[in-house]
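Undergrad: Below you'll find the structure I mean.
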Amino acid sequence: MDFVRVADVTSLPPGTSRAVVVGRYEVALFNVGGNFYALENACPHQGGPIADGWIEGLTVTCPWHAWCFDLRSGTMTLGDLAFIPRFDVRVEQDGVYVSAEPVTR
Ligand code: FES
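Quick note: the sequence shown uses this note's numbering, first residue 9, plus one each step.
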């Protein structure tokens, strides 16, 4: 699978997130304690921008109506009721790379 460089490692400190563009996708990129996670930047409820959500542990809470998702899988924390497509992330030297397509479940 192809990967796309989306950020410098130092530009996204631990505890932060932001939206990046990967081809035709808008992706929410998170840094949790130095580990990076990437989910499509659209909540399955009504499309809320997950990149602007609250991060607590490995959970992100949608800023619009507070649905919560596991950053590792994109699955709702309440159960496998809805999910956000996730992308693979690699860190190489000083760059963060995201897979060009979401990972199939
Ligand atoms: S749009 Fe995310 S919880 Fe409603």
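For each residue, glycine too, the CB sits at the ideal point set by N, CA and C.
Using 8 Å for Cβ pairs, my map puts Val97 next to Ala46. What's the rounded Cβ distance?
TA: Residue mapping note: residue 97 aligns to position 89 of the sequence shown, counting from 1. Residue mapping note: residue 46 aligns to position 38 of the sequence shown, counting from 1. So it is a contact: roughly 5 Å between Cβ atoms.
Undergrad: Tell me which same chain residues have a C-beta within less than 7 Å of the C-beta of Arg26, skipping the five on either side of it?
TA: Position 18 of the sequence shown, counted from the start, is the residue given in the question as residue 26. Excluding positions up to five away in sequence, the list reads Leu20, Leu37 and Ala59.
Undergrad: Please go through the same chain and pick out, in chain order, the residues whose beta-carbon is closer than 8 Å to the beta-carbon of Val68, but skip the five residues on each side of it.
TA: Counted from its first residue, the sequence shown places residue 68 at position 60. Closer than 8 Å at the Cβ level, and outside the excluded window around Val68, lie Ser25, Ala36, Phe38, Leu47, Ile58, Gly61, Trp62, Cys76, Phe77 and Leu79.
Undergrad: How long is the line joining the alpha carbons of Thr85 and Phe91, rounded to whole angstroms?
TA: Here residue 85 refers to the residue found at position 77 of the sequence shown. Here residue 91 refers to the residue found at position 83 of the sequence shown. Using only the alpha carbons, I get a separation of about 9 Å.
Undergrad: Pull up the distance between the alpha-carbon of Ala108 and that of Tyr33, whole angstroms please.
TA: Working through the sequence shown from its first residue, we reach residue 108 at position 100. Working through the sequence shown from its first residue, we reach residue 33 at position 25. When rounded, the distance between both Cα atoms is 8 Å.
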